[in-house]
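In our numbering, the protein residues as written are 2 to 348.
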């Protein structure tokens, strides 16, 4: 039965579609549901830390049901983004419909775009990785995969990682540090890869070069087909998607640091270097991303196999609620710094 929890993700394209074809408050449905109703529900429901039986792991790993859930989202995602470009062209700027549709597509780009792009980008299959890159292209966040896979997973919970939030770091400052720091590091990683292969830095084998060309082509195409208004609208929703990603990055490792050993090297990534949440709605929306400690043990492990690790530090609620709390910085620091202190005392 639990396998069907992940079908909840299909509520997103449904509510986004309603937003695009409706008027008035209905255009705000994705915001009201995912950042209003869902956090409220998760306050009253206990998290579910249960894991799949070990004897079922191999069967679940090969079960294509879980792959098709993701793959069928992709055409819906692309269709809704294209429809948005047409609809926003005739939407009055400043109207409730304008803000509703912009926020709806922004949420879609962050969830079914970047988050699913992240999941596919970890797969050991070139075709699926290309689909992950396609999803990331829709928010102009293509540099995410080179840095995330080769940088973030290596340096997580250290000062070297652009995507690990430090204790008392302001969320707004983190948005900029993480996004632009990751972009710069992605170039460095790809340039290093080209150097090791004796390739020209600006060759088409450098993924960052290809991504830059694709980003420019997408932006240019939107401009020539739709004009300035639609292009600016697209850029804004892409930024919304990126801000959602960086807010998730902020809450995932906030204040957690790996220690250095006697040789000056950082300890291996442990279960206590990621904040976790087992709240079922947030988990199903984000494809078990909130079981983040297990994800960092094995980045290529499929989402349906990720486990809850009892000794990992736990968030008080699900991802949507924690993202809202992060926006209320005094409340965030009050809750999470207290939890950090408790972790230190346990150590």
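Note that the Cβ used here is the ideal one computed from N, Cα and C, for glycine as well.
Would you mind stating whether residue i and residue j have Cβ atoms separated by less than 7 Å?
i, j, result
"residue 6", "residue 285", "yes"
"residue 88", "residue 157", "no"
"residue 282", "residue 107", "no"
"residue 251", "residue 332", "no"
"residue 102", "residue 20", "yes"
"residue 14", "residue 77", "yes"
"residue 164", "residue 140", "no"
"residue 130", "residue 118", "no"
"residue 153", "residue 162", "yes"
"residue 277", "residue 292", "yes"
"residue 144", "residue 187", "yes"
"residue 195", "residue 185", "no"
"residue 17", "residue 81", "yes"
"residue 321", "residue 35", "yes"
"residue 295", "residue 49", "no"
"residue 151", "residue 190", "yes"
"residue 309", "residue 52", "yes"
"residue 98", "residue 28", "yes"
"residue 138", "residue 215", "yes"
"residue 297", "residue 275", "yes"
"residue 324", "residue 248", "yes"
"residue 136", "residue 114", "yes"
"residue 159", "residue 273", "no"
"residue 193", "residue 256", "no"
"residue 345", "residue 43", "no"
"residue 246", "residue 111", "yes"
"residue 126", "residue 243", "no"
"residue 148", "residue 96", "no"
Counting along the chain, where does the alpha helix (DSSP H) carrying residue i start and finish?
i, result
"residue 351", "Coverage of the chain is limited to positions 2 through 348, which leaves residue 351 absent and any answer about it impossible."
"residue 131", "127 to 138"
"residue 68", "65 to 72"
"residue 198", "From DSSP, residue 198 is part of no alpha helix (DSSP H); its letter is neither H nor E."
"residue 148", "145 to 148"
"residue 119", "117 to 122"
"residue 38", "Unbroken run through residue 38: none, as it is neither H nor E."
"residue 6", "Neither: residue 6 is in no alpha helix (DSSP H) and is coded neither H nor E."
"residue 50", "Unbroken run through residue 50: none, as it is neither H nor E."
"residue 97", "97 to 109"
"residue 15", "12 to 22"
Please tell me whether, using a cut-off of 6 Å, the distance from the CB of residue i to the nearest non-hydrogen atom of the ligand ATP is below it.
i, result
"residue 169", "Questions concerning the ligand ATP fall outside what the structure shown contains, since it holds no ligand whatsoever."
Any beta carbon from chain B within less than 7 Å of residue i's own beta carbon?
i, result
"residue 221", "Here there is only one protein chain, and chain B is not present."
Please list the segments of the beta strand (DSSP E) lying wholly inside the stretch 241 to 324, counting only runs of 3 or more residues, in order along the chain. none
With a threshold of 8 Å, are at least 3 pairs of Cβ atoms found where one atom belongs to the stretch 80 to 96 and the other to the stretch 54 to 64? no
Just checking, does the stretch 284 to 304 make contact with the stretch 337 to 347 on the three C-beta pairs under 8 Å criterion? no
Examine the Cβ distances between the stretch 229 to 243 and the stretch 287 to 294 and report whether three or more of them are shorter than 8 Å. no
Looking at C-beta atoms only, is the number of pairs between the stretch 202 to 211 and the stretch 68 to 77 that lie closer than 8 Å three or more? no
Quick check on the DSSP output: what are the complete alpha helix (DSSP H) runs of length 4 or more inside the stretch 160 to 205, in order along the chain? 172 to 197
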